[in-house]
Structures are given as structure tokens and as C-alpha cells.
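There are 2 protein chains.
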Amino acid sequence: MVNVAILGFGVVGSGAAEVLTDNRRVIEKNLGKTVAVKRILDLRDFPDSPFGALVTHDFNDILNDPEISIVAEMMGGSHPAYDFTKACLEAGKSVVTSNKEVVANFGAELLELAAKNGVRYLFEASVGGGIPIIRPMVNDLASNEIISVNGILNGTTNYILTKMLDEGASYEDVLKDAQAKGYAERNPAADVEGLDAARKIVILAALSFGKLLNPNKIYCEGITKISSEDAETAKAFGCSVKLIGHTELVDGKVLAMVSPRMIPCSNPLAGVSDVFNGILVDANMLGECMFYGKGAGKPPTASAVVADIIDIVAHMGQDGVRAPKFEVATDADYADFGAYATKRCFSFANTVDAADKIHKVFGDALTAVVGERIAVISEALTEKDAAEAAAKVGLALVSSIRML
Amino acid sequence: MVNVAILGFGVVGSGAAEVLTDNRRVIEKNLGKTVAVKRILDLRDFPDSPFGALVTHDFNDILNDPEISIVAEMMGGSHPAYDFTKACLEAGKSVVTSNKEVVANFGAELLELAAKNGVRYLFEASVGGGIPIIRPMVNDLASNEIISVNGILNGTTNYILTKMLDEGASYEDVLKDAQAKGYAERNPAADVEGLDAARKIVILAALSFGKLLNPNKIYCEGITKISSEDAETAKAFGCSVKLIGHTELVDGKVLAMVSPRMIPCSNPLAGVSDVFNGILVDANMLGECMFYGKGAGKPPTASAVVADIIDIVAHMGQDGVRAPKFEVATDADYADFGAYATKRCFSFANTVDAADKIHKVFGDALTAVVGERIAVISEALTEKDAAEAAAKVGLALVSSIRML
Chain A
84 MVNVAILGFG VVGSGAAEVL TDNRRVIEKN LGKTVAVKRI LDLRDFPDSP FGALVTHDFN
144 DILNDPEISI VAEMMGGSHP AYDFTKACLE AGKSVVTSNK EVVANFGAEL LELAAKNGVR
204 YLFEASVGGG IPIIRPMVND LASNEIISVN GILNGTTNYI LTKMLDEGAS YEDVLKDAQA
264 KGYAERNPAA DVEGLDAARK IVILAALSFG KLLNPNKIYC EGITKISSED AETAKAFGCS
324 VKLIGHTELV DGKVLAMVSP RMIPCSNPLA GVSDVFNGIL VDANMLGECM FYGKGAGKPP
384 TASAVVADII DIVAHMGQDG VRAPKFEVAT DADYADFGAY ATKRCFSFAN TVDAADKIHK
444 VFGDALTAVV GERIAVISEA LTEKDAAEAA AKVGLALVSS IRML
Chain B
84 MVNVAILGFG VVGSGAAEVL TDNRRVIEKN LGKTVAVKRI LDLRDFPDSP FGALVTHDFN
144 DILNDPEISI VAEMMGGSHP AYDFTKACLE AGKSVVTSNK EVVANFGAEL LELAAKNGVR
204 YLFEASVGGG IPIIRPMVND LASNEIISVN GILNGTTNYI LTKMLDEGAS YEDVLKDAQA
264 KGYAERNPAA DVEGLDAARK IVILAALSFG KLLNPNKIYC EGITKISSED AETAKAFGCS
324 VKLIGHTELV DGKVLAMVSP RMIPCSNPLA GVSDVFNGIL VDANMLGECM FYGKGAGKPP
384 TASAVVADII DIVAHMGQDG VRAPKFEVAT DADYADFGAY ATKRCFSFAN TVDAADKIHK
444 VFGDALTAVV GERIAVISEA LTEKDAAEAA AKVGLALVSS IRML
């Protein structure tokens, strides 16, 4: 029997305990061993939970228990989650986590610490909720050079954008609806401003290119400026609008960014709706492949945490088990965002001579009139060139959205 | 350095040699070891290939070479592929393969033989070409009970059906076009009659439910009877038509089948077009997740073969590495196909009183008039009930397609 401790008995933490209990039979069948929750750390008590008796308020009850070999950290936030993780790894316990904040900020150090102590640090649930993506990138794509990753990594914003496109509703109205349904938090900033997606794309960039960028240092634009007119414009061009985490190499350096993108409906990401996530990986031999599923929610995310626990139990006592490897990026590892060019959709206030003015700057580029706007799709432009081109048109610019 | 031998220097075999060579740098980085092709078995010579000097016509040159620890079988067909695989495993060599015929027919026996000899038998490339699906099912979904798998598993038929739907072309014309483009073989029977998909769904069923069914004993219906009118009808109901491999448990026994299905466009499989494959897995905690990508082709399939080689090298010398486990199904393991019910789309020759006649049998079910047909979507019906209901209508039945 393998004993596990859970740090943080919130949504995912209690979900992991439930998956281990409810799916005990299939886990034992797949693993040939029993995995049991021995202790749960939380500030609260849970007298009504079947796991209530396992709760402790003292981390040392877990850290000093030699029978606990695996710790599942699902506390959220950097501290004390990072500190507890470090202590567990140093004490020879493997750690699994759903905490993207800790992985994005301290993942390189924690992986190194795990390797040094002959234990493991796994974080399948930190990106894409329950969708298998970390392990497939480390194992199945090991025969490929990664070219790029484009991901719909945040369910809350994808729900909002889907409603805006499907129902023509305004951002504000849909946000209120999402909050009422529990899809968005009362303070939705981390989701709608893109920070949650930034942490996730930074993790995927590290797996792809070996460098862990600082999620606070990458270009990050949320969806708060997307209007129902932008959604209409996208539809006019046969596109969808999604919040996309993007990473690729630019001149050998790592670019990672988060921004809304207009995506042609032929791209499989365009069909990823509601709270679903989709991660499209382009690899040099495999080409494009997509991983799709529930990017959040209690049982899906918990099942990814438990998959990591199973992975650790299955390889216990073995040396040199494969682990993701990446190092903290130095300033020199960051690509020059100014050199990165994308196609764009510019929307201007429409006037009688607007089409002419646009033609002078953008030639025969595709245009569409949507309500009181006229929109045009440009060739790939850098930030600076895009601003200059838009200014040169001589019309009031109302929106500028990157294309994928 | 780890030495690999390749059995069969066809499309996938030569692709594997190329992936190992062209991606040598990233493989070494990910693995910390060098993997080299030492020998290639083929009946032919390849004097113009950079690998030509490695070719042998004698299998014993590989079997008896103690320096070769991994053999990649990409010969196709059951014999001698199965026999060579068996000999290699018995000689203590691990085997990887893209050969779905061998896995579907002999996989249980070969996995057992591998375990007995302390080596491994991996077959990521046998389903979904380059798409990671086998390893994710074994590892990432180990915390879940699998409820069902629905897969677009054959690129040739998906290309044909996509063209029929998008362009209204006839089956015969699109097949000719697909043959001209190299997407379909001159004898396309294994693809269009569904046997290729049957072998693959049998493998996925074994991973899901632990029983390896005989691909020749499951219900298998190809796409040869699908007409451009069927495609039109599907569009009228907001659906797509796909050849679907399906598996689930019915009364605790394994159902696996291949048939065309009408799929509502809200289902992510509906958007899987052209030669792409998509595999939608429904698991009890994770819910639905989809794996999408290139299901065939030289570099994608070869990259999956090489991923298996990397997996073996990474875990060399370790005991108890996790492996898929399933056993040959007995007659008692097969679900009763007669008890399996699905919604259906019936198309009848339209007449002035057709709507009334349909209403009498199917009540207020959704109908659509398409050309000279009238179509109706039924509730879930077994084979027998479907035939009876259609006969009771008293119109000429022109087509009956299952829904997903």
C-alpha cells in the first residue's frame, strides 16, 4: 500500500481524494497496488466529509511521517505551497501538483531538487485541467522538435468568448452570467486579464524549448477589450475569437505570449467551445496534433493529479525515470517581441471614403463592413509596423486583433 | 549507444530511419543517449538510400546480433511479422511496431511474451498514426474508468467522406481522386470496407476493457454504400458523416464495431476533416477528451515508432515498467450486438403521404426532405427494432445510418 497526503482540501484536493476512493478498483487493476489517502492538510475542518478524520492543521504531521511517500499539493498560490513542496522533496517525498502558479514560477528549481533527492515532481494537472498534455509532450513528442504551441488554456474566458460569438451578447453581460454559473470568480482578473493563461503557456514553452520564462515578463493581453462588434467582425471573416497562449522560437529565442486571436474556422482550435480547452502542438515530424477536453472542474483536474500519483507509484524504486527538464530563462533567452509579426484584423469607423483609404495602405486585402465599422485583414506585421499602418489609413481605429 | 534494427524498409520503416537521423539532436537531448540504426531487413536492396549499406536479407543477422536490443517491426501483414516479433521477444529484444494487424490479432500473446522475457512490446503507431493515444490511454487515463471510445481511425475514408460532404461528389468519383492522390490504395477494400478501422478499434477496446476481440468477429460496415444523397441528408440535420470505430461495455461485455455514423456538428469529431484522425475518449472522471492529428503518413507515423523506441531506451534495465495489459476475449466476452441500440437516420423515397406515414411510426421525430427523399431521426433502436420500424412505415427505405 502506498500512502499519499493531500495539501489543500479545496475543489481539486477533495476531488483527488474522491477519485482515489471512487476509482479504487480500476486504479488497483491498472497499478497492481493500493493507493490510500493518509493525511490531509487544511486550515479548515471538514466534520461532514468522509475524509474529515484525516485532516490535520500541522504540515509537520505529513512531512515527518515516513509512511507518506507522495504528497499532492493542491493549495493554490505560491506560498506556502512552494515552501511545503520544497520541504517534501528535500525529505525524499515525491510531489504532484495542479498549482500552475508554483510550476510557472519555481518549476525549474523544484524539478532539479526532485532529481537531486531521487524523487519526482509532476504537474500534469497544471495545464489543461484533466487533458493529458504534459506527459504526452515529455514522452510521446520526444522524437520531435516542437515548432509551436497554440492553446486555449482558460475555460472561463473561452466560455465568455463563445457566448459573445454565439449570442451576440456583450462582454459585461456574459461575465455576469459566467459568475452566476460559477464559471468565473468574483474577482475574475487572473482569468480575463490573461495571467492564468500566461502561467500555462510559460509551462508549455518550457517543455517545448527548455527555458522557463517568467509569466509576468511575457506579453499578456486579456479579453476585456473584446466587444460584441469584434465578435461580429470575426464571424464576417469566417473566424472565431479565442484567447490564445502562443509559443514558438523567434531567431532561436523563446517567444511566449497571451492575446485574443481571430482563428479561421478551418483551424481545429476554432471549434473548441465553452469551458473546454484545446492545445494544438505543431511538431516537425508529427505535424499538428491537438489535445482537447475539460480544462477545469473538479473530477477532470483531480483525475490528472491521480494519474501523476499512479505514474510515481508505478516507477517507485527505479532510477533515472524520465522527467521534464528545463532551466530558468535568462534575459538573453527571451525573444524580441518587437520582431514578432502576425496578420491582424484592423477595424476602423466606416466613412464614405473608408474603402479607398484602406486600399491605399493595404492594397487588395480582404475587407468587410460590419455595422458602423470597416475591417481589413493585413499581412503579417510587427507591433510597430501595425501601429504605423493603422495610423497611415487616416481613419479612427476602433480595434486591432491578431490572427492565428 | 543503443542499436536498433528495422524490419521492413517501406514508407514507415524508412521514415523511422529518417526521424532517428534528422531529429538525432533533439532525441539525444531528450534521452541523454544516442540511438542508431544498425541493421535493416528487407527483401529489396536500396543502393541509393543513405541507409542502403545496413540492409540485410537474412533475419538471423538481426536476431543473433547481441548489440541490437530494440527491433522496430514495420513490415505490415501478419506473417512473417508476427513470427519475427515472437523470435525477437524470446531472444530478449524489445519490439516496437506500427503493424495494427499483428497487434489486433496477436497483441495479448506478444505482450505476455514480452513480460515473460523482461522486455517490452509497444505499438503507439498502430492506432492514429502519429497521434499519441496508446501511451496516454495506458498512463494518463489510468485513474479513470473508460466509458466509451469513438474514433475516426482511417484517413482514407475520412478524406472520401469529407469530399462527398463538402463538394457533393459521388463516392466513386472521390475514390478515384483519392487513389490518384495516393490517399487510397489501388485495392482500397481494407480501408473502405472498414477492416483497417476494425483492427484499430479492437486495440482501443482492449486498452479500455482488457479484452482483445477478434477484428474479424465484430460488426464492421464500411462506407461503400454511402451516397451523396446521404451526405446531403446529414447536412440537412446539421450533421457530418464519418466512419466511426466505437467501443463501450454493454451489460458488462465488450461491444466494438465499425460503421458510418451521422454526427451532430457540436461533437468535436464532426470537425475532423480530410486525412486527419480524431479519437474521442469518454472517461468517468475526465469526461470527454479528444486526441487529434495525422493518422497516417510517413513522418507522423514514424515519429510515433521512434517515441516508442525512446520510451524503451529511457527505461532500459528497469523492472516492472508499466505495460498495457489485456487478454484474448472468449466468446462470453463479446457483447450481444442485437441488444445494442442507437438513434438512426432513415431515408425513404418521398411520396405525397410520406410525412403522415412517418408520423404514424415515429411520432414527432425530426424529419427533412432532401431531393427525392424524406428522412427521419429515430430514438435509439436495436437492429431488429430498426428494421421493423422502417418496414412498418410502408415506404421504400433507401438508407439507414446510425447516429452518434
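Protein chains in written order, with this note's numbering: chain A, 84 to 487; chain B, 84 to 487. Just so it is clear, CB atoms sit at the ideal spot from N, CA and C, and this is done for glycine as well.
Checklist entry - Does DSSP classify residue 324 of chain B as helix, strand or coil? => result strand
Next on the checklist: Starting from residue 456 of chain B, trace the beta strand (DSSP E) in both directions and tell me its first and last residue.
Outcome noted: 456–460
Next on the checklist: Please classify residue 449 of chain A as buried or exposed, where buried requires at least 16 neighbouring CB atoms within 10 angstroms.
Outcome noted: exposed
Checklist entry - Since residue 375 of chain B meets chain A, which of its residues come closer than 9 Å, beta carbon to beta carbon? => result 351, 361, 363, 371, 372, 373, 374 and 375
Item to check | For residue 351 of chain A, the three-state DSSP class (helix, strand or coil) | outcome: helix
Checklist entry - Given a limit of 9 Å on CB to CB distance, which residues of the segment 315–333 of chain B reach chain A? => result none
Item to check | Helix, strand or coil at residue 247 of chain B [DSSP, three-state] | outcome: helix
Item to check | Contacts of residue 219 of chain B in chain A (Cβ-Cβ under 8 Å) | outcome: 215, 218, 219 and 223
Next on the checklist: By the 9 Å beta-carbon criterion, what residues does the segment 227–254 of chain B contribute toward chain A?
Outcome noted: 227, 228 and 229
Checklist entry - Between B/419, B/315, B/121 and B/391, which lies nearest to residue 332 of chain B when the distance is taken from Cα to Cα? => result B/419
Checklist entry - Of all the beta strand (DSSP E) runs that stay within the bounds of the segment 175–252 of chain B, which reach a length of 3 or more residues? => result 177–180 and 229–235
Checklist entry - Can you list, in chain order, the residues of its chain whose CB lies under 7 Å from that of residue 45 of chain B, leaving out five sequence neighbours each side? => result This structure leaves residue 45 of chain B out entirely; chain B is present only between 84 and 487.
Checklist entry - How would you label residue 202 of chain A, buried or exposed, when you count the other beta carbons within 10 angstroms and need 16 or more for buried? => result buried
Checklist entry - Does the segment 102–113 of chain B come close enough to the segment 477–485 of chain A to have 3 or more Cβ pairs within less than 8 Å? => result no
Checklist entry - Short check: CB of residue 164 of chain A to CB of residue 282 of chain A, under 8 Å? => result no
Item to check | Given 8 Å, three or more beta-carbon pairs between the segment 230–247 of chain A and the segment 118–125 of chain B | outcome: no
Next on the checklist: Please state the DSSP three-state secondary structure of residue 89 of chain A.
Outcome noted: strand
Item to check | Selection of the segment 144–176 of chain B by Cβ proximity to chain A, strictly under 8 Å | outcome: none
Checklist entry - CB-CB under 6 Å to residue 366 of chain B, same chain, minus the five flanking residues each way: which ones, in chain order? => result 224, 227 and 229
Next on the checklist: Do residue 384 of chain B and residue 181 of chain B count as a contact pair if the criterion is CB distance below 8 Å?
Outcome noted: yes
Item to check | DSSP bridge partner residues for residue 329 of chain A (one or two, in chain order) | outcome: A/233 and A/340
Next on the checklist: Which residues in chain A have a C-beta closer than 9 Å to the C-beta of residue 459 of chain B? List them in chain order.
Outcome noted: Near residue 459 of chain B there are no residues of chain A at all, since even the closest Cβ is about 27 Å away, more than 9 Å.
Checklist entry - List, in order along the chain, the chain A residues whose C-beta lies closer than 7 Å to that of residue 102 of chain B? => result 226 and 368
Next on the checklist: Please state the DSSP three-state secondary structure of residue 450 of chain A.
Outcome noted: strand
Item to check | Alpha carbon of residue 323 of chain B to alpha carbon of residue 312 of chain B, nearest angstrom | outcome: 13 Å
Item to check | Best match in B/91, B/444 and B/177 for proximity to residue 139 of chain B [C-alpha to C-alpha] | outcome: B/91
Next on the checklist: Please list, in chain order, the chain B residues whose beta carbon lies closer than 7 Å to that of residue 383 of chain A.
Outcome noted: 368, 369 and 370
Checklist entry - Secondary structure at residue 426 of chain A, three-state DSSP: helix, strand or coil? => result coil
Checklist entry - Going by the beta-carbon positions, is the gap between residue 184 of chain A and residue 152 of chain A smaller than 8 Å? => result no
Item to check | Residues, ordered as in the chain, of the segment 105–118 of chain B that lie near chain A by beta-carbon distance below 9 Å | outcome: 105, 106, 108, 109, 110, 112, 113, 114 and 115
Checklist entry - chain B beta carbons: is any one of them nearer than 8 Å to that of residue 27 of chain A? => result Outside the shown range of chain A, which is 84 to 487, sits residue 27 of chain A, and nothing can be said about it.
Item to check | Straight-line Cα distance separating residue 167 of chain A from residue 143 of chain A | outcome: 10 Å
Checklist entry - Closer than 8 Å, CB to CB, is residue 203 of chain A near chain B or not? => result no
Checklist entry - Using CA coordinates, which residue listed in A/411, A/396 and A/414 is at the minimum distance from residue 404 of chain A? => result A/396
Item to check | residue 167 of chain A - DSSP class collapsed to helix/strand/coil | outcome: helix
Checklist entry - Should the segment 199–219 of chain B be regarded as contacting the segment 367–383 of chain B, the criterion being three or more beta carbon pairs within less than 8 Å? => result yes
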